[in-house]
Amino acid sequence: MATARMNTHRIAIVGAGPAGVRCAETLVAAGFRPILIDENRRDGGQIYRRQPEGFTRSYATLYGTEADKARALHDSFDRLRPQIDYRPDTLVWNLTPGQLCCVSQGVHSTVEYDALILCTGATDRLMPVEGWQLGGTYSLGGAQIALKAQAVSIGHRVVFMGSGPLLYLVASQYVKAGASVAAVLDTSPLGHRLKALPKLMARPGLLFTGLKLLAQLYRAKIPVHLGISPLGVLGEASRGVSGVRVRRANGETLTVACDALALGYHLRPETQLADLAGCRLRFDEASSQWWLDTDAEGRTSVSGVYAAGDGAKVRGADAAEHAGRLVAMALLRDLQQPVEATHLADQQRALKVMDAFRLGLAEAFPWPAEQAGALPDEAIVCRCEMISAGELRRTVSEKGACEVNRAKAFSRVGMGRCQGRYCSQAGAEVIAAAAGIPVQEVGRQRGQAPVKPLSMLTREVTP
Amino acid sequence: MTVQRADVVIVGGGLMGSATAFFLRQRGQSVILLERDQVGQYASGVNFGNVRRQGRFLGQLELANRSWALWKRLPELIDDDLEFIASGHMRVCYREDEIAELQAYAAAPEAAQLDLQIYRGADLHERFPFLGKDVKGGSYAPHDGHANPRLAAPAFARAARRLGARIEERTEVAEVHKSGDGFGVTTTDGRQFSAAQLLITAGAWGEKLSAQFGEPVPLETNGPQMAVTEPVPYALPTVIGVYTKIPEEVIYFRQIPRGNIIIGGGYRSKPDMLNRRAYVEPRSILNQLEQMRRLVPGIDNLNIIRVWSGIEGYLSDALPVMGRSGNVDGLFYAFGFSGHGFQLGPGVGDVMAELISTGSTSTSIEPFSIRRFASSAEQRSKAS
Amino acid sequence: MNARFVRLAEQGRPVVRLKVDGEPIEALQGDTLMVALLTHGPALRQSEFDPGSRAGFCLMGACQDCWVWTRGGERLRACSNEVREGLDIITRQPEAIWPLRG
Numbered sequence: 001m002a003t004a005r006m007n008t009h010r011i012a013i014v015g016a017g018p019a020g021v022r023c024a025e026t027l028v029a030a031g032f033r034p035i036l037i038d039e040n041r042r043d044g045g046q047i048y049r050r051q052p053e054g055f056t057r058s059y060a061t062l063y064g065t066e067a068d069k070a071r072a073l074h075d076s077f078d079r080l081r082p083q084i085d086y087r088p089d090t091l092v093w094n095l096t097p098g099q100l101c102c103v104s105q106g107v108h109s110t111v112e113y114d115a116l117i118l119c120t121g122a123t124d125r126l127m128p129v130e131g132w133q134l135g136g137t138y139s140l141g142g143a144q145i146a147l148k149a150q151a152v153s154i155g156h157r158v159v160f161m162g163s164g165p166l167l168y169l170v171a172s173q174y175v176k177a178g179a180s181v182a183a184v185l186d187t188s189p190l191g192h193r194l195k196a197l198p199k200l201m202a203r204p205g206l207l208f209t210g211l212k213l214l215a216q217l218y219r220a221k222i223p224v225h226l227g228i229s230p231l232g233v234l235g236e237a238s239r240g241v242s243g244v245r246v247r248r249a250n251g252e253t254l255t256v257a258c259d260a261l262a263l264g265y266h267l268r269p270e271t272q273l274a275d276l277a278g279c280r281l282r283f284d285e286a287s288s289q290w291w292l293d294t295d296a297e298g299r300t301s302v303s304g305v306y307a308a309g310d311g312a313k314v315r316g317a318d319a320a321e322h323a324g325r326l327v328a329m330a331l332l333r334d335l336q337q338p339v340e341a342t343h344l345a346d347q348q349r350a351l352k353v354m355d356a357f358r359l360g361l362a363e364a365f366p367w368p369a370e371q372a373g374a375l376p377d378e379a380i381v382c383r384c385e386m387i388s389a390g391e392l393r394r395t396v397s398e399k400g401a402c403e404v405n406r407a408k409a410f411s412r413v414g415m416g417r418c419q420g421r422y423c424s425q426a427g428a429e430v431i432a433a434a435a436g437i438p439v440q441e442v443g444r445q446r447g448q449a450p451v452k453p454l455s456m457l458t459r460e461v462t463p
Numbered sequence: 001m002t003v004q005r006a007d008v009v010i011v012g013g014g015l016m017g018s019a020t021a022f023f024l025r026q027r028g029q030s031v032i033l034l035e036r037d038q039v040g041q042y043a044s045g046v047n048f049g050n051v052r053r054q055g056r057f058l059g060q061l062e063l064a065n066r067s068w069a070l071w072k073r074l075p076e077l078i079d080d081d082l083e084f085i086a087s088g089h090m091r092v093c094y095r096e097d098e099i100a101e102l103q104a105y106a107a108a109p110e111a112a113q114l115d116l117q118i119y120r121g122a123d124l125h126e127r128f129p130f131l132g133k134d135v136k137g138g139s140y141a142p143h144d145g146h147a148n149p150r151l152a153a154p155a156f157a158r159a160a161r162r163l164g165a166r167i168e169e170r171t172e173v174a175e176v177h178k179s180g181d182g183f184g185v186t187t188t189d190g191r192q193f194s195a196a197q198l199l200i201t202a203g204a205w206g207e208k209l210s211a212q213f214g215e216p217v218p219l220e221t222n223g224p225q226m227a228v229t230e231p232v233p234y235a236l237p238t239v240i241g242v243y244t245k246i247p248e249e250v251i252y253f254r255q256i257p258r259g260n261i262i263i264g265g266g267y268r269s270k271p272d273m274l275n276r277r278a279y280v281e282p283r284s285i286l287n288q289l290e291q292m293r294r295l296v297p298g299i300d301n302l303n304i305i306r307v308w309s310g311i312e313g314y315l316s317d318a319l320p321v322m323g324r325s326g327n328v329d330g331l332f333y334a335f336g337f338s339g340h341g342f343q344l345g346p347g348v349g350d351v352m353a354e355l356i357s358t359g360s361t362s363t364s365i366e367p368f369s370i371r372r373f374a375s376s377a378e379q380r381s382k383a384s
Numbered sequence: 001m002n003a004r005f006v007r008l009a010e011q012g013r014p015v016v017r018l019k020v021d022g023e024p025i026e027a028l029q030g031d032t033l034m035v036a037l038l039t040h041g042p043a044l045r046q047s048e049f050d051p052g053s054r055a056g057f058c059l060m061g062a063c064q065d066c067w068v069w070t071r072g073g074e075r076l077r078a079c080s081n082e083v084r085e086g087l088d089i090i091t092r093q094p095e096a097i098w099p100l101r102g
């Protein structure tokens, strides 16, 4: 157990999803009282987002195959809550060494820390489609939140498009909830999945779940097309989405009528705070995106700053729980605190399996980089600022901008409210294709404060 | 390895360097510009974007006026308007006694071309109804305005290139020296350049080079503190800045037609010169929010979506170093514009090109001579 | 009614009354502003840079697509704010009014 002196070591955890909760739990068991800062009003993060008070659906209805894990996490947090300093509805909008800048309900405050553990999670990863700015286009995660947290479908007739396990999970959740699903359109061809099978066998349970979801969709007679290429989201300005057009694997054009599209290609990590803290990022070849550069236990390149979960490396919610425990143990060891050896080994072993599995996922459901080069010039890359692929390409050809931040300065891609979350990666692919260089060389958008938009009402309240 | 020669080598690809390269080419001089990173990456690209004459040191207005005439002609000169809008600029104050200071400036003969108009009280609040009630008076410059700093230096560099200038990015100078009646420059990738004349427009790094030629100057580096809001309906065309002696109150903002409001000022940060990065301090942001709430009360519902900083060079007297070297024939300087260089850019380029190619310039730049630091430098070296 | 979102369950919640573009609507307690607006109409706001309108995107407070105005000039992110009795939301911000409040 921690000594009294150690108990004054200030530990701040950012994020109350699976990684943050398991991390806090492990530290509490070792005698610490961490501060847990949560942007949301309730714990759970995204995949285990809790429904609002007054909602009555069961865990089985809400979380399906993940119900047990969701309940276990929520119960853990409820037990944990009195033993931590929990700050919900609080955004960490900036930081300086040893100090977090927080805002809650328009009031700014600071949180001093000796150790910082970033468990900031992920968002959907998007590749633009021509027309995706039309009202009625949502991310896959957004479609799932609509159902889970608000008991609504995003439309009267929904198309699910993209790739990754989430595509099938959300589509089948919609079917089970009684929504009308028009089609599931997967950019990844069957061949990729077959090739990835050996790696996916690392977690046979998950593989089986995936097949179950597919079976559910077939039983409900939902058309599922693999190996499609998105051609466009159809509709017009005032009414929004009216359909989706794709090219099927056999070359034929397919148009599906719908009034809502849920689009996504797995996840991208929220690394802005880590970036502001000066942590190094590393390009992950398998998923073709920039991850936090941490050691196997979650130490970043900055002393005193740790990270776990999808906000560091996208490996899913199960991995996030293990990584949360592991990073807490890394911190404990760094503080010369005892750590249970078998517990540590369990997390490490579990994560090894998940590392192998996620490589399989990346192979089975690859990020469709080639779509970027194929985007028509008129297709919008940056939804916030309405910047087209053609405008972005012109900054390469006419202004020699072959790097993301430079191209952003000239084209405005990434200058909008979303701060590059939904456009910057695809923008980098467009630049790479136009400049004929590997996407890694194009770099990544530099993180800047505020991490999310900061109201001009924000003030420090003098005590 | 062959030595690459030109009439003029320019070290530093910010706005001053690329504008001078352009105007030198117009005058038929061959030019090689060497930029360590990318053109316009530092002070030139991150500043507020004020195309402002009022408020300058009166001895700088002649240069500013020359520059202003060029701003109007940018589309015909460099085929790019840099999003320049002559929207008018207001310097406002919170104290009655400061209005007299604004009036004194407006009455100065050097400021005649600016057509400054003083507003106060009810007239001011009628003309500018969005200003907070603490604003007591202001000086309005109808011909001043703003432009997009991120575009400026790159646009000048492209125009210079179209005229035949050689612009070498990602090219770091390792060493410069006087050789014969010219200059030799070696870059870190081993290339060699030579020219009869050398211009240092290396911004915050200018002092490193001037010191090598025996002309150290008291330059310090600062990071401007910039913030921008989400786009909101275009309602504030005038650039507004606060005239005050209290540093935290010195903020300024401009709204662009797309709707974003860019805010600057209040504090400065110390850049990380090792990694060539600068940051915005949280206290700067909070201060700007507070100051903006006072200046434009209606703004308090908007959101800041991004902040940025950069690296600027400031001389101890807040005036640039510009003109001939005091020691070395054929050596010229234009750096250290102390956070107010943007509007001067085209003018500096034009003046330096004139000076370098003809031997003199019709515009007064004597107050910016590097020689003004010479005696104190001599005293320092005598004392040491 | 050209509503965008479709309620699938949880409809037995207390009613909350608010206004959208001057028209009274009924939402349910626990609804986000986004759900309240989109169960009655197709959009949340006008786009700034294209002729269309926006209806949100990520629902997790990341995309910043779903900001709405109140008649009093407040900015609210529709996906992360719950409905409150008496809210007066507008989906179309008239030019030049916003700096003149207060």
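Residue numbers (the UniProt record's numbering), protein chains in the order written: chain F, 1 to 463; chain B, 1 to 384; chain A, 1 to 102. Backbone N, C-alpha and C define an ideal beta-carbon position, used for all residues, glycine too. Computed from a prediction, not measured in an experiment: that's the story for all the values here.
{"query": "Cβ-Cβ distance between I240 of chain B and G49 of chain B below 8 Å", "result": "no"}
{"query": "Cβ pair Q173 of chain F, G264 of chain F closer than 8 Å", "result": "no"}
{"query": "Residues near G251 of chain F by beta carbon distance below 7 Å, same chain, minus five either side", "result": "none"}
{"query": "Assigned exposure category for L190 of chain F - 16 Cβ within 10 Å defines buried", "result": "exposed"}
{"query": "Cβ-based burial, T39 of chain A [other Cβ within 10 Å; buried from 16]", "result": "buried"}
{"query": "Run of the alpha helix (DSSP H) containing A16 of chain F, from where it starts to where it stops", "result": "No alpha helix (DSSP H) holds A16 of chain F; DSSP gives it neither H nor E."}
{"query": "Residue nearest to R73 of chain B in terms of C-alpha spacing, selected from B:T361, B:A374 and B:P346", "result": "B:P346"}
{"query": "Extent of the continuous beta strand (DSSP E) to which residue 394 of chain B belongs", "result": "In the structure as shown, chain B starts at 1 and stops at 384, and residue 394 of chain B therefore has no counterpart that could be examined."}
{"query": "Between the CA atoms of G324 of chain F and L344 of chain F - distance to the nearest angstrom", "result": "11 Å"}
{"query": "Cβ-heavy atom distance, A369 of chain F to the ligand NAD, below 7 Å", "result": "As far as ligands go, the structure on display features none, and thus does not contain the ligand NAD."}
{"query": "Chain B residues whose Cβ lies nearer than 8 Å to that of K399 of chain F", "result": "P154 and R158"}
{"query": "DSSP state of Y105 of chain B mapped onto helix, strand, coil", "result": "helix"}
{"query": "Buried versus exposed, by CB contacts within 10 Å (16 or more), Y86 of chain F", "result": "buried"}
{"query": "Proximity below 8 Å, CB of V314 of chain F to CB of C279 of chain F", "result": "no"}
{"query": "Range of the contiguous beta strand (DSSP E) that encloses T70 of chain A", "result": "W67 to T70"}
{"query": "Cutoff 8 Å: S455 of chain F Cβ touching any chain B Cβ", "result": "yes"}
{"query": "Selection from F:W291, F:V181 and F:A215 that minimises the alpha carbon distance to A260 of chain F", "result": "F:V181"}
{"query": "Where the alpha helix (DSSP H) through Q144 of chain F begins and ends", "result": "L140 to Q150"}
{"query": "Check whether I11 of chain F and C102 of chain F have beta carbons under 8 Å apart", "result": "no"}
{"query": "Neighbourhood of N327 of chain B by C-beta, 8 Å cutoff - its chain only, sequence neighbours within 5 removed", "result": "F213, G214 and E215"}
{"query": "Cα-Cα separation, V296 of chain B to F208 of chain F", "result": "60 Å"}
{"query": "Closer than 9 Å at the beta carbon, the chain A residues around S153 of chain F", "result": "F5, V6, R7 and L8"}
{"query": "Rounded Cβ spacing between V176 of chain B and L315 of chain B (contact assumed at less than 8 Å)", "result": "Their Cβ separation, rounded to whole angstroms, is 21 Å, which puts V176 of chain B and L315 of chain B out of contact at 8 Å."}
{"query": "Contact list for the region 121 to 144 of chain B against chain D, Cβ threshold 7 Å", "result": "Judged by its chain identifiers, the structure shown contains no chain D, and its protein chains are F, B and A."}
{"query": "Residue(s) in a DSSP beta bridge with Q192 of chain B", "result": "B:V3 and B:T186"}
{"query": "Integer Cβ distance of G349 of chain B from M16 of chain B, believed to fall under 8 Å", "result": "7 Å"}
{"query": "Beta bridge counterpart(s) of C93 of chain B as assigned by DSSP", "result": "B:G137"}
{"query": "I305 of chain B vs R406 of chain F beta-carbon contact at 8 Å", "result": "no"}
{"query": "Complete alpha helix (DSSP H) runs within the region 228 to 254 of chain B (minimum length 4 residues, chain order)", "result": "none"}
{"query": "Boundaries of the alpha helix (DSSP H) in which R127 of chain B is found, first to last residue", "result": "G121 to R127"}
{"query": "Residue environment, E312 of chain B, which counts as buried when at least 16 other CB atoms sit within 10 Å", "result": "buried"}
{"query": "Neighbour flag for E39 of chain F against chain B, beta carbons, 8 Å", "result": "no"}
{"query": "Listed by chain order, chain A residues near L134 of chain F by CB distance under 8 Å", "result": "G52"}
{"query": "Under 8 Å between C-beta atoms of A21 of chain B and A122 of chain B", "result": "no"}
{"query": "Per DSSP, cross-strand counterpart(s) of V111 of chain F", "result": "F:L100"}
{"query": "Buried versus exposed call for D85 of chain A [16 or more other C-beta atoms within 10 Å across all chains shown]", "result": "Residue 85 of chain A is actually Glu in this sequence, not Asp. Result: exposed."}
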